[in-house]
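*Asks:* First the structure, then my questions, so here it is.
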Amino acid sequence: MADIQSSCAYCGVGCGLTISHYSSQTLAESNLSFTLKGDSSHPANFGHLCAKGEKLLLSLEQPNTLRYPKLRSGKPLDWDAATRLIADKFQQTIQQHGPDSVALYLSGQLLTEDYYVANKFAKGYLKTANVDTNSRLCMSSAVSAMQRAFGEDVVPGCYQDFEQAEVIVLIGANTAWTHPVLFQRILAAKQTNGCKLVVIDPISTATAKQADLHLAVCPGADLRLFVGLLGYLADNHRLNHKYIQNHTEGFETVVDNAQRVSGCLATLADALGVSKIELTEFYHLFSSSKKVLTASCQGVNQSVIGTDTTNAIINCHLALGQVGQEGAGFFSLTGQPNAMGGREVGGLATQLASHMGFSEQEQALLSDFWQCGHVATKPGLAAVEMFDAVAKGNIKAIWIIGTNPVVSLPESDKIAQALADCPFVVVSEVSPDSDTAKLADVLLPAQGWSEKCGTVTNSERCITRQRGFIAPKGQAKPDWWALSQVAINMGFSGFDYPNNAAIFSEFALLSQTVNQAFPHKRFNLGGLAGLTKAQYDTLPPTQWPVTTQQQIGQQHQRVFADAQFSTPSGKAQFIAPANSFEALNHHEVNSLHRKPLTLLLNSGRSRDQWHTMTRTGHIASLRANVPEPTLSLHSSLLKPFKLVAGELAQIQSATGSSFSLARVLVDDDLSTNLANMSMHWSEQFSLTKGVNQAIDSRFDPVSKQPGFKCQPVRLLPVELALQGVVFGDHDPQAQGLTWQVAQTLTTGICYHLGFAHQQDGFAYQASPFSLQWTVMLGAILLKKQQLHIQCNTSNGRLVALKVLSNQPVHIALEAMNALIGQTLDTKLLSKLHQQLKAGNSPLICSCTGITDADICDELNNQFNQQILLKGTNSVQFEQVLDATQSSLGCGRKCGSCNSEVRQCAEKHWQEALTFAPSMDELKVEHEYAKPVKEDVA
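Residue numbers (my numbering): 28 to 964.
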């Protein structure tokens with residue numbers, strides 16, 4: 028089989044992939060017959076991949092794959108029966124309760140073709156706009172802001188702008204972790220072009236540690252920062268008056284308030300939580316540079332003021348005339364591989380297809396094109412509203428496709444209960460193990476990334492073909508096919524698509540038709556409307572707008588470079604924040620942490636994981652870095668909350684109604700009013716589920732995006748009598764379990780356990796035949812540690828190994844798990860004791876498997892070599908670090924661990940300096956080392 032070009036299944040960078048088949052095995056056989064690398068010709072990544080992308084093939088071997096439709100009872104169905112059942116239930120529900128009693132909830136990981144058919148089915152034929160997507164959770168504030176400012180959901184720039192900018196501002200974006208390949212392009216631009224990198228984030232993230240300037244503003248202060256920046260531009264005569272006059276409207280509605288905010292920079296800096304020097308440096312960089320690019324992500328979007336904040340950023344670029352220009356403007360970093368493609372087809376409940384709204388003219392055009400009588404006449408319910416309606420019983424049938432809302436939405440316990448109570452729930456999934464899939468009345472087997480074909484659109488508006496390379500497992504089908512079959516069973520016409528190419532051609536033709544009726548709109552795929560199946564199959568990465576076939580393959584395109592916008596007047600709009608100047612001074616988020624025993628909780632991504640871990644949680648190398656849910660906070664918060672580093676904390680919602688548990692980590696880079704926890708955990712992997720149980724469902728009033736960031740929570744200590752790890756056999760329903768986290772290893776699964784009562788821990792999987800004993804280890808964290816060991820055997824072989832203590836247990840998990848299945852004899856017991864004494868070293872680099880201990884050893888080796896060559900006073904940290912990384916390879920692949928590698932190296936560097944010999948000592952040692960000359964006289 029020839030090499031296949033496809034696209035990555037993770038973030039919105041949209042990296043191209045080359046998949047090679049290197050044996051004579053058929054498509055239906057193991058994915059191990061394939062290799063994967065970055066596509067060197069793809070304009071998004073030029074061959075580079077992050078750690079998750081490099082390990083994408085490992086995601087294909089799911090622990091449990093759904094292979095056929097089935098009912099909640101487990102009874103299997105054929106596809107005809109399943110689609111008839113769904114059609115009948117939806118039809119009955121609509122007849123009894125109206126079209127808005129049904130809903131679809133979609134995903135930014137669907138292909139554009141899937142998205143298009145879903146929206147045509149619901150908004151065109153079911154007559155409801157209750158079709159929303161998990162993109163609402165990550166992108167909708169940026170969408171709303173661009174619609175308000177530009178008249179259309181259009182990201183004006185392209186990735187090339189990051190390489191041409193003089194100043195890059197990353198706000199609310201830990202790009203080193205969330206978009207590693209793009210971040211490497213940013214670092215390369217810093218190196219080659221000398222551009223300045225500014226990071227605006229309350230947390231000293233991996234990205235912030237590599238910035239020229241880090242503004243650690245107070246949580247929620249972003250809006251005020253950029254309102255003040257606009258005022259600063261006006262105060263210092265930096266405005267592009269000609270551009271403002273000719274190409275914008277509404278400037279006078281924003282500038283006065285902005286200048287009130289910027290009137291006293293010292294006062295403003297104090298309100299923002301930064302120094303006046305830092306603030307002035309940022310404002311000067313922004314105002315004095317001709318090419319400034321500001322890119323934002325979830326730290327801005329996932330806020331109750333996310334839309335206003337994004338508009339405040341865009342206002343500053345409009346004021347300088349920096350929109351659609353090389354190296355300048357606002358850029359929205361997309362979180363999912365096809366969030367933009369979903370928005371293009373109307374995936375959000377608040378829009379129709381091809382960037383249309385719900386005006387009568389737009390409804391009429393779409394109704395005529397789809398030949399469906401009439402389409403939905405008003406916006407539908409956005410994500411939070413949709414599941415509230417399910418909880419209230421107003422939505423009685425819902426179809427969830429490719430997403431896990433029981434984990435990803437705020438107040439997740441309420442979501443789970445709503446779906447449990449809903450009369451009819453359909454879920455299309457690859458695996459039956461997700462928290463949402465377990466609540467389905469009908470579970471449909473969807474094709475996974477390696478099986479399905481279609482298109483995705485990345486953050487820079489580049490359409491890439493995703494091409495399947497493995498035969499679908501069992502009866503798995505494309506989502507567009509499943510939707511079409513239900514539509515046909517409901518008696519609807521226009522869904523007899525022969526293939527995905529036909530769907531894409533129809534969508535492209537619709538975009539052309541819309542553009543002809545509304546020529547001010549910039550979204551247009553008209554040049555792709557007439558593609559044959561063969562042309563579609565070979566479509567190269569292409570950036571829209573595409574009006575002719577001659578533009579196929581075009582890149583580095585910018586929109587609005589002509590300053591003609593998609594608004595009725597053709598002019599961009601300055602947007603004033605809904606909050607008054609006084610409200611900006613007293614924004615709710617700034618006072619939340621003042622309540623007793625309450626602080627702000629920030630939730631976000633871990634470096635090596637993705638969403639709710641259904642795709643990455645079973646990959647051992649991606650789990651090793653953060654094996655358990657953790658809560659990071661400043662060391663000064665331990666005492667007031669009665670917490671202990673390394674032990675557990677309960678994270679309660681502000682009302683105390685819901686909670687999750689996490690292991691406490693100290694991170695003094697965090698501010699003293701802020702804690703941080705990963706968003707990825709769920710009941711599939713952790714007994715106490717995830718962080719969103721403690722997050723309430725407040726949302727931005729414009730975008731309706733939930734305000735996940737910086738919500739108030741209470742922290743309480745959790746005391747465990749015993750905690751540790753079990754390898755091999757495990758009873759997940761054991762009595763007294765307070766803490767249970769499954770971790771995939773290369774040779775199996777281990778479980779991190781915790782018991783509130785000692786007797787439960789000792790009784791866990793104990794039998795009269797269990798071998799039990801106690802080991803006392805030396806000083807660990809200045810304490811001696813007693814380990815309680817239990818071995819269970821079958822036919823003389825070790826089948827379960829339990830290691831418990833009253834303190835956290837630090838052991839080499841892979842090495843311990845390798846003992847399972849071996850004969851239990853004195854030799855094995857000796858190995859076991861050696862491993863217990865050796866402890867464990869944290870993983871630093873997922874790409875190479877390099878641990879803290881590896882870096883320590885190699886850095887000391889390089890340090891000693893440099894001392895012998897140059898002497899103690901001439902040894903340079905950067906040289907030793909470079910040599911260490913060159914030797915080990917850590918931080919030299921995807922680069923997302925660069926800051927962690929440096930932090931680890933700096934720690935061991937200081938230790939090495941402490942024990943470094945003086946020059947006199949070296950001379951003495953050198954004299955002793957000289958060989959004795961022979962007497963040749």
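Just so it is clear, CB atoms sit at the ideal spot from N, CA and C, and this is done for glycine as well.
Would you mind listing the alpha helix (DSSP H) stretches within the segment 581-607 that are 4+ residues and don't spill past its ends, in chain order?
*Replies:* Taking 4 residues as the minimum length, the segment 581-607 contains no alpha helix (DSSP H) run wholly inside it.
*Asks:* Are the CB atoms of Val830 and Val902 within a distance shorter than 8 Å?
*Replies:* Here residue 902 is taken as the residue at index 875 of the sequence shown, counted from 1. Here residue 830 is taken as the residue at index 803 of the sequence shown, counted from 1. Going by C-beta atoms, Val902 is not nearer than 8 Å to Val830.
*Asks:* Taking His638 as the reference, give the member of Gly300, Arg919, Thr205 with the closest Cα.
*Replies:* Looking up residue 638 in the sequence shown gives position 611. Here the closest residue by C-alpha is Thr205.
*Asks:* Could you pull out every unbroken beta strand (DSSP E) segment of at least 3 residues lying fully inside the segment 389-440, listed in chain order?
*Replies:* 424-428
*Asks:* Whole angstroms are fine: how far does the CA of Gln584 sit from the CA of Leu138?
*Replies:* In the sequence shown, the residue the question calls residue 138 occupies position 111. In the sequence shown, the residue the question calls residue 584 occupies position 557. The straight-line gap separating the alpha-carbon atoms of Leu138 and Gln584 is approximately 23 Å.
*Asks:* Do the segment 77-97 and the segment 914-924 touch if we need at least three Cβ pairs shorter than 8 Å?
*Replies:* yes
*Asks:* Bridge partners of Val829, per DSSP?
*Replies:* Taking the sequence shown and counting its residues from 1, the one referred to as residue 829 is at position 802. Looking at the sequence provided, one finds Lys at residue 829 rather than Val. Looking at the DSSP assignment, Lys829 forms a beta bridge with Val753, Gln817.
*Asks:* So Ala233 and Ser926 are supposed to be a Cβ contact under 8 Å. How far apart are they, rounded?
*Replies:* By 1-based counting over the sequence shown, the position of residue 233 is 206. By 1-based counting over the sequence shown, the position of residue 926 is 899. Contact flag correct, Cβ pair sits at about 4 Å.
*Asks:* Secondary structure at Ala556, three-state DSSP: helix, strand or coil?
*Replies:* In the sequence shown, the residue the question calls residue 556 occupies position 529. Coil, per DSSP.
*Asks:* Spell out the partners DSSP gives Asn629 in its beta bridges.
*Replies:* Translated into the one-based positions of the sequence shown, residue 629 becomes position 602. Asn703, per the DSSP bridge assignment.
*Asks:* Counting only the same chain and skipping the five closest in sequence on each side, list residues whose C-beta sits under 6 Å from that of Leu804.
*Replies:* Residue numbering aside, residue 804 sits at position 777 when the sequence shown is read from its first letter. Excluding sequence neighbours, Leu804 sits near Gln812.
*Asks:* Go to Leu292, then tell me how far its alpha helix (DSSP H) extends in each direction, as first and last residue.
*Replies:* In the sequence shown, the residue the question calls residue 292 occupies position 265. Run containing Leu292: 292-299, per the alpha helix (DSSP H) assignment.
*Asks:* Pick helix, strand or coil for Leu379, following the three-state DSSP scheme.
*Replies:* The residue labelled residue 379 in the question sits at position 352 within the sequence shown. Correct three-state label for Leu379: strand.
*Asks:* Compute the Euclidean distance between the alpha carbons of Gly916 and Asn819, then round it to the nearest angstrom.
*Replies:* Within the sequence shown, numbered from 1, the residue matching residue 916 stands at position 889. Within the sequence shown, numbered from 1, the residue matching residue 819 stands at position 792. Going by the C-alpha atoms only, they are around 40 Å apart.
*Asks:* Considering Thr771, what are the terminal residues of the beta strand (DSSP E) in which it resides?
*Replies:* Taking the sequence shown and counting its residues from 1, the one referred to as residue 771 is at position 744. Thr771: member of the beta strand (DSSP E) spanning 764-772, first to last residue.
*Asks:* Roughly how many angstroms lie between the CA atoms of Met367 and Ala880, to the nearest whole one?
*Replies:* The residue labelled residue 367 in the question sits at position 340 within the sequence shown. The residue labelled residue 880 in the question sits at position 853 within the sequence shown. Taking the straight line joining both Cα atoms gives about 42 Å.
*Asks:* Take Phe726 and list the residues in its own chain whose beta-carbon comes closer than 8 Å to its own, dropping the five residues that flank it on each side.
*Replies:* Translated into positions along the sequence shown, residue 726 becomes position 699. Here the set comprises Val331, Ala409, Val411, Gln732, Pro733, Gly734.
*Asks:* Which partner residues does Cys489 have in the DSSP bridge list?
*Replies:* Residue mapping note: residue 489 aligns to position 462 of the sequence shown, counting from 1. Gln570, per the DSSP bridge assignment.
*Asks:* Can you tell me where the beta strand (DSSP E) with Leu743 in it begins and where it stops?
*Replies:* Reading the sequence shown from its first residue, position 716 is the one you call residue 743. Here the beta strand (DSSP E) through Leu743 covers 738-745.
*Asks:* To the nearest angstrom, how far is it from the Cα of Gly354 to the Cα of Ala71?
*Replies:* Here residue 354 refers to the residue found at position 327 of the sequence shown. Here residue 71 refers to the residue found at position 44 of the sequence shown. Using only the alpha carbons, I get a separation of about 16 Å.
*Asks:* Under the three-state reduction of DSSP, which class applies to Pro207: helix, strand or coil?
*Replies:* Counting from 1 along the sequence shown, the entry for residue 207 is found at position 180. Helix.
*Asks:* What would DSSP say about Val836, mapped onto helix, strand or coil?
*Replies:* Stepping through the sequence shown from its first residue, residue 836 is reached at position 809. In this structure, Val836 counts as coil in the three-state DSSP scheme.
*Asks:* Tell me, please, which residues DSSP counts as bridged to Phe782.
*Replies:* On the sequence shown, position 755 is the one that residue 782 refers to. Answer is Leu749, Leu764, bridged to Phe782.
*Asks:* Is Ile304 buried or exposed, if buried means 16 or more other CB atoms sit within 10 Å of its CB?
*Replies:* As a position in the sequence shown, residue 304 is number 277, starting the count at 1. Flag for Ile304 reads exposed.
*Asks:* Would Trp426 be called buried (16 or more neighbouring beta carbons within 10 Å of its own) or exposed?
*Replies:* Against the sequence shown, residue 426 aligns to sequence position 399. Trp426 comes out buried.
*Asks:* Rounded to whole angstroms, what's the CA-CA distance from Ala790 to Thr625? Just pull it up for me.
*Replies:* Taking the sequence shown and counting its residues from 1, the one referred to as residue 790 is at position 763. Taking the sequence shown and counting its residues from 1, the one referred to as residue 625 is at position 598. Here the alpha carbon of Ala790 sits roughly 37 Å from the alpha carbon of Thr625.
*Asks:* Among all the DSSP beta bridges, which residues are the ones paired with Ile195?
*Replies:* For this step, residue 195 is matched to residue 168 along the sequence shown. BP columns for Ile195 point to Leu224, Leu320.
*Asks:* Give a yes or no on whether the C-beta atoms belonging to Ala298 and Arg251 are separated by under 8 Å.
*Replies:* Here the question's residue 298 lines up with position 271 in the sequence shown. Here the question's residue 251 lines up with position 224 in the sequence shown. Their beta carbons are under 8 Å apart, which means Ala298 touches Arg251 by this criterion.
*Asks:* Could you spell out where the beta strand (DSSP E) holding Leu252 opens and where it closes?
*Replies:* Within the sequence shown, residue 252 is the residue found at index 225, counting from 1. No beta strand (DSSP E) contains Leu252, which is instead part of the alpha helix (DSSP H) from 249-262.
*Asks:* What's the gap between the Cα of Asp335 and the Cα of Ala172?
*Replies:* Here residue 335 refers to the residue found at position 308 when the sequence shown is read from its first residue. Here residue 172 refers to the residue found at position 145 when the sequence shown is read from its first residue. In a straight line, the C-alpha of Asp335 is about 7 Å away from that of Ala172.
*Asks:* Select from Gly41, Gln119, Lys64 the residue whose C-alpha is nearest the C-alpha of Phe24.
*Replies:* With the chain represented from 28 up to 964, any question about residue 24 goes unanswered, as that position is not in the structure.
*Asks:* Beta-carbon of Leu133 versus every beta-carbon of chain C: anything under 8 Å?
*Replies:* Here chain C cannot be found, since the structure has a single protein chain.
*Asks:* Please check the pair His69 and Phe61, which I expect to be a contact at CB under 8 Å, by giving their CB distance rounded to whole angstroms.
*Replies:* Position 42 of the sequence shown holds residue 69. Position 34 of the sequence shown holds residue 61. His69 to Phe61, Cβ: 18 Å. No contact.
*Asks:* Could you give the distance in angstroms between the alpha-carbon of Pro229 and the alpha-carbon of Ala243?
*Replies:* For the purposes of this step, residue 229 is taken as residue 202 along the sequence shown, with counting starting at 1. For the purposes of this step, residue 243 is taken as residue 216 along the sequence shown, with counting starting at 1. One C-alpha to the other measures close to 4 Å.
*Asks:* Pull up the distance between the alpha-carbon of Ile442 and that of Ser724, whole angstroms please.
*Replies:* Residue numbering aside, residue 442 sits at position 415 when the sequence shown is read from its first letter. Residue numbering aside, residue 724 sits at position 697 when the sequence shown is read from its first letter. Here the alpha carbon of Ile442 sits roughly 11 Å from the alpha carbon of Ser724.
*Asks:* Can you list, in chain order, the residues of its chain whose CB lies under 7 Å from that of Gly554, leaving out five sequence neighbours each side?
*Replies:* For the purposes of this step, residue 554 is identified with residue 527 of the sequence shown, where counting begins at 1. Cβ neighbours of Gly554 beyond the five flanking positions: Val573, Thr574, Thr575, Gln576, Gln578, Ile579.
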